[in-house]
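Residue numbers (our numbering): 13 to 198.
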């Protein structure tokens with residue numbers, strides 16, 4: 013398996029771990045959605061369009077911006093359908109109502125991953141020398157309070173911080189783009 017390089021160092025092992033981790037997190041998240049749904053609301057949920065750009069993770073450059081004015085009519089899926097498609101793909105669950113603790117928003121999601129790595133990163137979008145997992149992708153952002161979230165790593169531990177959990181799902185396919193945390197400052 014080929015991997016992108018950053019500063020001359022290959023990150024193949026980290027890339028494999030990230031993929032395995034993403035699959036595990038997707039299954040866990042879908043299960044969480046399904047469990048929360050059993051005590052959540054059953055009525056149809058609509059997404060609120062983003063009105064300002066927010067930075068989800070400043071270290072990665074992840075942003076969620078307002079969609080074009082006609083985005084709700086051009087998205088193939090509704091917020092409820094996007095959530096259902098994601099939950100069905102990740103867990104096989106048919107219990108797909110959006111939990112009452114989850115807020116759905118429609119916007120343009122961008123997540124850069126590093127320098128353009130040409131054919132090595134063929135599944136990524138590249139623009140101006142940067143590779144992206146998503147670049148202004150029309151997406152539903154499903155968010156909920158994450159409580160106190162661990163930060164840092166074993167080498168550089170940081171104190172826990174309040175956070176918001178986010179799952180970004182492609183508004184046209186229902187495929188998960190990424191699950192990430194937005195740490196609160198202050």
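All C-beta atoms in this analysis are idealised placements derived from N, C-alpha and C, irrespective of residue type, glycine included.
Going by beta carbon distance, what residues of the same chain come within less than 7 Å of residue i, once the five residues before and after it are set aside?
| i | result |
| --- | --- |
| residue 150 | 79, 83, 87, 120, 183 and 184 |
| residue 190 | 123, 145 and 180 |
| residue 69 | 192 and 194 |
| residue 147 | 122, 137 and 139 |
| residue 128 | 138, 141, 142 and 143 |
| residue 71 | none |
| residue 172 | 160, 161, 162 and 163 |
| residue 73 | 124 |
| residue 89 | 97, 183, 184 and 186 |
| residue 197 | none |
| residue 170 | 163 and 164 |
According to DSSP, is residue i helix, strand or coil?
| i | result |
| --- | --- |
| residue 194 | strand |
| residue 33 | Note that residue 33 has pLDDT 42, beneath the 50 cutoff, so the model's placement of it is unreliable and the number below is only indicative. Helix at residue 33. |
| residue 105 | coil |
| residue 161 | strand |
| residue 59 | coil |
| residue 186 | coil |
| residue 200 | Any question about residue 200 goes unanswered here, given that the chain covers just 13 to 198. |
| residue 90 | coil |
| residue 155 | strand |
| residue 178 | strand |
| residue 50 | Because the pLDDT of residue 50 is 36, which lies under 50, any placement of that residue in the model is unreliable, and the question is left without a value. |
| residue 138 | strand |
Apart from the five residues on each side of it in sequence, which residues of its chain come closer than 6 Å, Cβ to Cβ, to residue i?
| i | result |
| --- | --- |
| residue 125 | 143 and 145 |
| residue 67 | 75 |
| residue 64 | none |
| residue 155 | 115, 176 and 178 |
| residue 34 | Reliability fails at residue 34, whose pLDDT of 42 lies under 50, so the model's placement of it is uncertain and no value is given. |
| residue 166 | none |
Kindly identify the DSSP beta-bridge partner or partners of residue i.
| i | result |
| --- | --- |
| residue 66 | 76 |
| residue 98 | None, per the DSSP bridge assignment. |
| residue 170 | 163 |
| residue 118 | 61 and 152 |
| residue 124 | 144 |
By Cβ distance below 8 Å, which residues in the same chain neighbour residue i in space, the five residues on each side in sequence not counted?
| i | result |
| --- | --- |
| residue 159 | 174 and 175 |
| residue 135 | none |
| residue 60 | 115, 116, 117 and 118 |
Would you mind stating whether residue i and residue j have Cβ atoms separated by less than 7 Å?
| i | j | result |
| --- | --- | --- |
| residue 91 | residue 108 | no |
| residue 117 | residue 94 | no |
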